[in-house]
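Residue numbers (UniProt numbering): 1 to 264.
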């Protein structure tokens with residue numbers, strides 16, 4: 001079986017977020033896909049199956065080393081790169097992935113790939129007791145809750161960079177993960193980090209799905225619909241963002257690291 005490992009949301013090898021992509025002709029048993037993801041030991045392994053190549057439609061699923069997830073941005077970006085540039089099964093400029101989160105479109109603009117994802121809605125939330133202590137006692141400006149994640153807003157970029165979470169304590173908070181964010185230093189509009197020990201990854205290098213929450217928030221705060229963003233993990237990543245009513249566009253680049261085969 002063919003196998004690819006790619007770095008997403010970066011134009012530099014060994015930057016961005018690594019993802020594994022496994023093109024399939026038909027689905028493997030769920031347990032097998034979960035075992036492959038655990039063996040890969042990356043934040044996400046994506047599997048996709050063609051549904052209707054004439055319509056550019058594929059079915060996609062994503063697995064962390066421990067669980068299947070409903071939405072993953074960087075592994076979708078990596079999968080689109082495989083379809084467009086490596087497997088070359090899609091000659092058009094747009095393809096669609098059918099997923100647990102509905103139809104996700106991806107279009108290519110030269111070496112950029114643009115994800116079209118649904119927005120996440122948030123509401124003001126009561127801060128979980130473990131949150132402040134697990135983030136080093138820093139006082140957030142706002143605490144919000146989306147469908148699956150907490151969104152924790154701080155004053156400045158340096159606070160996000162310097163943060164050293166207690167992941168064991170963070171793992172007790174009932175959520176997929178914790179997004180921490182602040183205004184960015186010019187010319188970047190906002191920065192973020194994503195902590196997900198509940199999902200099997202302490203810190204995700206670049207989290208496309210988190211930007212379905214971040215983009216609507218910062219678009220409203222900054223009064224603009226087109227934004228630039230950096231996820232300031234150790235590997236780091238750059239995203240071009242746009243709010244489209246109840247959808248968001250998340251643009252990024254991809255670098256191929258590994259091409260190989262594995263046997264079952």
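Note that beta-carbon positions come from the ideal geometry of N, C-alpha and C, so glycine has one too.
It should be emphasised that the depicted structure is a prediction, and the values quoted were computed from it without experimental measurement.
- The straight-line gap separating the alpha-carbon atoms of residue 212 and residue 255 is approximately 23 Å.
- Annotation for residue 64: 37, 43, 44, 199, 200, 201 place their beta carbon closer than 7 Å to its own, counting only its chain and skipping 5 residues before and after.
- Taking C-beta atoms as the reference points, residue 206 and residue 157 fail to come closer than 8 Å.
- Below 8 Å, enough C-beta pairs join the stretch 75 to 87 and the stretch 106 to 118 to call them touching: three or more.
- With a minimum length of 3 residues, the unbroken runs of beta strand (DSSP E) contained wholly in the stretch 167 to 230 fall at 177 to 183, 190 to 196, 201 to 204.
- In the DSSP annotation of this structure, the continuous segment of the alpha helix (DSSP H) that includes residue 74 starts and ends at 73 to 81.
- The way I'd put it, the stretch 162 to 169 does touch the stretch 126 to 146; three or more beta-carbon pairs between them come closer than 8 Å.
- Contact between residue 1 and residue 226 does not hold, since the beta-carbon distance rounds to 40 Å and is not under 8 Å.
- By the Cβ neighbour-count rule, residue 18 is buried, with 16 or more other Cβ atoms within 10 Å of its own.
- Note on geometry: alpha-carbon atoms of residue 24 and residue 86 lie some 14 Å from one another.
- Between residue 181 and residue 160, the beta carbon gap of about 7 Å places them in contact (Cβ cut-off 8 Å).
- In the DSSP assignment, residue 17 falls within the beta strand (DSSP E) that extends over 17 to 23.
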